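Novice: Sequence order for the protein chains is A and B. Residue 89 in full-length UniProt numbering is what sits at position 89 of the first sequence, and the numbering runs on without skipping anything. Residue 267 in full-length UniProt numbering is what sits at position 267 of the second sequence, and the numbering runs on without skipping anything.
Number of protein chains: 2
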Amino acid sequence: MAGKANGRKARNGGGEITMSDIARHAGVSPMTVSRALSDPPSVSEKMRRKVDAAVRQFGYLPNRIAGSLSSKRTNVVGLVVPSIRNSLYAAMVQAISDVARANGLHLMIANSGHRLEDEEALVSALLAQRVCGLVLHNTAHSRRLRELLARTDIPVVETGNLPAKPIDMAVSYSNFDAARAMTGHLGRLGYKRIGFVTLPLRDNDRSRERRRGYFAALKELGLPADPGLVMEAPGGFAEGADALVRLVQTHPDIDACFFAGDVLAVGALFECQRRGWAVPGRIAIASFDDLDLLRHTVPTVTTLRIPRQDIGRRSAELLVNRLRGASRQKVRIDVGFEIVQREST
Amino acid sequence: MAGKANGRKARNGGGEITMSDIARHAGVSPMTVSRALSDPPSVSEKMRRKVDAAVRQFGYLPNRIAGSLSSKRTNVVGLVVPSIRNSLYAAMVQAISDVARANGLHLMIANSGHRLEDEEALVSALLAQRVCGLVLHNTAHSRRLRELLARTDIPVVETGNLPAKPIDMAVSYSNFDAARAMTGHLGRLGYKRIGFVTLPLRDNDRSRERRRGYFAALKELGLPADPGLVMEAPGGFAEGADALVRLVQTHPDIDACFFAGDVLAVGALFECQRRGWAVPGRIAIASFDDLDLLRHTVPTVTTLRIPRQDIGRRSAELLVNRLRGASRQKVRIDVGFEIVQREST
DNA sequence: CTGTTAGCGCGTTCAC
DNA sequence: GTGAACGCGCTAACAG
């Protein structure tokens with residue numbers, strides 16, 4: 001009864017301190033310790049004090065692995081983003097993290113690198129960890145991932161784009177509408193030859209939707225759709241600069257360029273500074289996503305404000321509500337966007 | 001034996017599919033399923049095929065919670081950063097994530113918001129989740145956190161600064177040395193009145209070390225230490241611009257300014273563009289941390305290159321080696337830094 | 001409000 | 001190479 005000498009592999013020098021240890025030293029049952037820790041009001045003042053004292057004395061940290069196995073619930077939310085480095089995702093992740101923390105949840109983050117197979121593998125791994133909810137920054141999943149998610153009953157929030165038919169819940173803006181709106185905006189400002197620089201299209205429905213929006217707006221504006229005015233570029237300052245230069249050289253009559261990625265736009269703007277091309281005099285520049293940077297450059301850059309932080313916050317709130325028992329119904333929230341007209345157009 | 005009707009709260013509509021289920025359907029023992037999944041070579045070809053078939057048929061996902069409880073090990077690494085949004089941390093996190101993933105580990109990320117009490121609470125929570133290792137982007141911990149970490153025997157990597165006496169392992173550069181080197185560099189370029197703009201000093205040993213380095217260099221250069229040339233500013237473009245303007249107005253003879261944060265420096269540079277102050281003609285600008293942005297602005301900005309990605313990679317590698325059985329000895333790796341001289345100085 | 005009993009789903013250990 | 005027994009540390013469910 002005293003202490004079954006835990007023979008060999010005593011890595012910790014004696015095994016973990018358990019709830020029973022605390023219970024024994026506090027002179028109560030393990031169950032009372034459990035309750036005192038997870039639901040203090042359900043235990044009498046006297047008991048609680050004894051437990052707290054023993055907990056402090058031993059520096060006891062409950063084992064949530066054991067707790068999770070027993071209760072069949074974890075307090076861990078899984079999150080898959082295309083890239084951790086990108087500041088756009090970072091704003092969303094931060095918001096999710098804040099809401100999660102306020103509700104006693106933890107975050108397990110993985111990045112898919114824009115690869116659908118990786119997304120699938122990562123979600124599997126997160127499900128194996130029995131996360132209590134998932135946020136996926138992608139809506140174009142592999143077939144196997146769809147099947148996997150269909151079989152699970154944890155809440156799932158998709159974001160990054162507005163899917164026609166969400167798996168469970170979706171919080172996003174429409175990439176199509178946003179790109180169409182900005183292109184239309186440029187048209188109404190009087191620009192006639194509007195270039196479009198897109199991020200890689202492969203495995204990325206968001207990029208494809210943006211391009212579709214661009215062409216839709218051109219049609220609505222009665223402007224010709226010239227495939228030569230569209231360029232695909234990996235994200236980066238240099239790539240944006242490069243794309244702009246090539247567009248201007250091949251299409252000297254270009255008078256505006258819409259970049260489907262903020263870094264691309266800024267790179268292009270700097271290139272204009274270097275070459276002495278007036279912005280918007282020689283060429284107007286519009287961007288996608290309201291990086292803080294864009295309102296401080298010279299000139300400031302017209303862009304689309306996507307409420308990334310709201311997306312994160314609302315996604316997390318949806319998860320939390322579900323975990324608190326909200327009924328399971330499909331949700332599809334369009335957070336919208338906003339055109340921010342600045343000096344560059 | 002067939003199936004103990006699992007009465008009431010069948011949330012999943014019948015309870016989880018377990019290893020026993022798979023074993024039964026594959027006609028083997030649960031132990032064989034376990035081995036086939038975690039160490040395939042230890043099982044005969046025939047058994048493995050039967051198990052694999054059943055696993056696929058049922059879409060079985062092993063419960064890592066149960067596995068972790070049983071084996072007393074998790075494959076989850078805990079990570080605490082001051083802020084998820086900041087791109088500096090993002091580069092490090094990405095590198096850690098990559099190494100972790102390559103080694104079958106997952107990441108649980110929390111952000112302390114630069115608050116030491118929060119760091120303490122978050123580490124406690126991560127330890128309760130029984131993470132197998134920790135990376136902390138901070139070296140100035142609360143006393144209670146130090147005690148907590150002293151009692152644990154999981155590997156801990158500290159980063160963000162080079163502590164004199166690491167808790168366990170440390171991978172970083174020296175903020176003091178870096179700031180001293182850049183200030184010295186400016187002095188040797190001939191600048192005589194060098195301003196210094198620091199990020200908030202509270203609860204941030206990194207900021208304080210940088211300021212110390214600045215003053216040490218001034219002394220070595222034989223320049224007077226003028227407290228009026230030092231300003232504290234929260235991070236941000238506008239704040240950097242503001243700080244510069246105030247320094248120039250109160251000290252018209254200032255000829256260079258060293259910003260201990262990249263965003264501050266860029267904000268100041270843009271302000272110079274707006275005001276038509278030549279950089280470095282009127283005032284030279286130096287920054288801290290080699291944001292991609294800094295090599296694309298006009299003019300490009302002199303800065304300190306900190307190998308953030310290496311820091312992440314090596315931190316993760318140290319953890320992995322420990323988990324693989326490397327002996328427990330203190331490690332203190334100085335990854336160094338590099339001065340990148342560009343057009344702004 | 002408190003205690004008792006009985007697992008949670010797996011891996012360790014030892015026998016075969 | 002395979003299986004049976006046992007327990008990881010905690011909480012759900014019920015009884016008092």
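Quick reminder that beta carbons are idealized off the backbone N, C-alpha and C, glycines included. Just so you know, these numbers come straight off a predicted model, no measurement behind them.
For residue 233(B), which three-state DSSP category applies?
Specialist: coil
Novice: Looking only at its chain, what residues have a beta carbon closer than 8 Å to the beta carbon of residue 146(A), apart from the 5 residues adjacent to it on each side?
Specialist: 167
Novice: Under 9 Å, CB to CB, which of the residues in the segment 287-319 of chain A have a partner in chain B?
Specialist: Against chain B - using a Cβ distance shorter than 9 Å - the residues of the segment 287-319 of chain A are 292, 293, 295, 296, 297, 298.
Novice: Are any of the Cβ atoms in chain B nearer than 8 Å to that of residue 182(A)?
Specialist: no
Novice: Using DSSP's beta-bridge definition, name the partner residues of residue 332(B).
Specialist: DSSP, once it has assigned bridges, lists 170(B) as partnering residue 332(B).
Novice: Classify residue 41(B) as buried or exposed, calling it buried when 16 or more other Cβ atoms lie within 10 Å of its own Cβ.
Specialist: Under this definition residue 41(B) is an exposed residue.
Novice: Consult DSSP for residue 144(B) and reduce its assignment to one of helix, strand or coil.
Specialist: helix
Novice: Which of the three DSSP states is assigned to residue 138(B) in this structure?
Specialist: coil
Novice: How long is the line joining the alpha carbons of residue 278(B) and residue 211(B), rounded to whole angstroms?
Specialist: 26 Å
Novice: For residue 133(B) and residue 101(B), what's the separation of their Cα atoms in angstroms?
Specialist: 14 Å
Novice: Can you check which of these residues, 43(A), 45(A), 57(A), is closest to residue 25(A) by C-alpha distance?
Specialist: Ranked by Cα distance from residue 25(A), the options 43(A), 45(A), 57(A) are led by 57(A).
Novice: For residue 306(A) and residue 173(A), which I take to be in contact (beta-carbon distance under 8 Å), what is that distance rounded to the nearest angstrom?
Specialist: Contact annotation, residue 306(A) with residue 173(A): C-beta distance approximately 6 Å; criterion of less than 8 Å satisfied.
Novice: In its own chain, which residues sit with a C-beta less than 7 Å from the C-beta of residue 189(B), not counting the 5 before and 5 after it?
Specialist: 345
Novice: Specify the secondary structure class of residue 2(B) as computed by DSSP and reduced to three states.
Specialist: Unreliable placement is indicated for residue 2(B), whose pLDDT of 32 sits below 50; the coordinate value is still reported in the next sentence. The answer is coil: DSSP assigns residue 2(B) none of H, G, I, E or B.
Novice: Should residue 207(A) be labelled buried (16 or more other beta-carbon atoms within 10 Å of its own) or exposed?
Specialist: buried
Novice: In the DSSP output, which residue or residues are listed as bridge partners for residue 108(B)?
Specialist: 108(A), 78(B)
Novice: Would residue 129(A) pass as a contact of residue 106(B) if the rule is Cβ separation under 8 Å?
Specialist: yes
Novice: Taking the alpha-carbon of residue 296(A) as reference, which of 38(B), 48(B), 265(B), 290(B) has the nearest alpha-carbon?
Specialist: 265(B)
Novice: Kindly give me the distance between the Cβ atoms of residue 303(A) and residue 248(A), rounded to whole angstroms, as I take these residues to be in contact under 8 Å.
Specialist: Distance from residue 303(A) to residue 248(A) at the Cβ level is roughly 21 Å; contact not present, criterion being Cβ atoms closer than 8 Å.
Novice: Starting from the beta carbon of residue 283(B), find every residue of chain A whose beta carbon is closer than 9 Å, and list them in chain order.
Specialist: The premise fails here: residue 283(B) is roughly 16 Å from chain A at the closest Cβ pair, so nothing lies under 9 Å.
Novice: Rounded to a whole number of angstroms, what is the C-alpha to C-alpha distance between residue 334(A) and residue 184(B)?
Specialist: Residue 334(A) and residue 184(B) have their C-alpha atoms spaced approximately 53 Å apart.
Novice: Whose CA, out of 325(B), 64(B), 138(B), 68(B), lies closest to the CA of residue 209(B)?
Specialist: 138(B)
Novice: Within 8 Å (strictly less), CB to CB, does residue 112(B) reach chain A?
Specialist: no
Novice: Is it buried or exposed for residue 250(B), if we count other Cβ within 10 angstroms and need 16 for buried?
Specialist: exposed
Novice: Taking the alpha helix (DSSP H) that residue 311(A) falls in, what are its first and last residues?
Specialist: 308-323
Novice: Distance check for residue 152(B) and residue 122(B), CA to CA, integer angstroms please.
Specialist: 15 Å
Novice: State the DSSP-derived secondary structure class of residue 338(A), mapped to helix, strand or coil.
Specialist: strand
Novice: Among the residues of its own chain, which have a CB less than 8 Å from the CB of residue 3(B), if the five just before and after it don't count?
Specialist: Note on residue 3(B): pLDDT 33, under 50, position unreliable in the model; no value is reported.
Novice: Can you look up residue 58(B) in the DSSP assignment and give me helix, strand or coil?
Specialist: helix
Novice: For chain A, find out if any of its Cβ atoms is closer than 8 Å to the Cβ of residue 325(B); answer yes or no.
Specialist: no
Novice: Under 8 Å, Cβ to Cβ, is there at least one residue of chain B near residue 37(A)?
Specialist: no
Novice: Any heavy atom of the ligand MN within a distance shorter than 7 Å of the CB on residue 88(B)?
Specialist: In the structure on display, the ligand MN does not appear, and there are no ligands present to speak of.
Novice: For residue 21(B), which residues from the same chain have a beta carbon less than 8 Å from its beta carbon, with the 5 sequence-adjacent residues on both sides left out?
Specialist: 58, 60
Novice: Please go through the same chain and pick out, in chain order, the residues whose beta-carbon is closer than 6 Å to the beta-carbon of residue 230(A), but skip the five residues on each side of it.
Specialist: 196
Novice: Between the Cα of residue 75(A) and the Cα atoms of 45(A), 55(A), 97(A), 269(A), which residue gives the shortest distance?
Specialist: 97(A)
Novice: Give me the chain B residues within the contact set of residue 102(A), using Cβ-Cβ distance strictly less than 7 Å, ordered along the chain.
Specialist: Neighbours of residue 102(A) on chain B: none; closest Cβ ~12 Å, over 7 Å.
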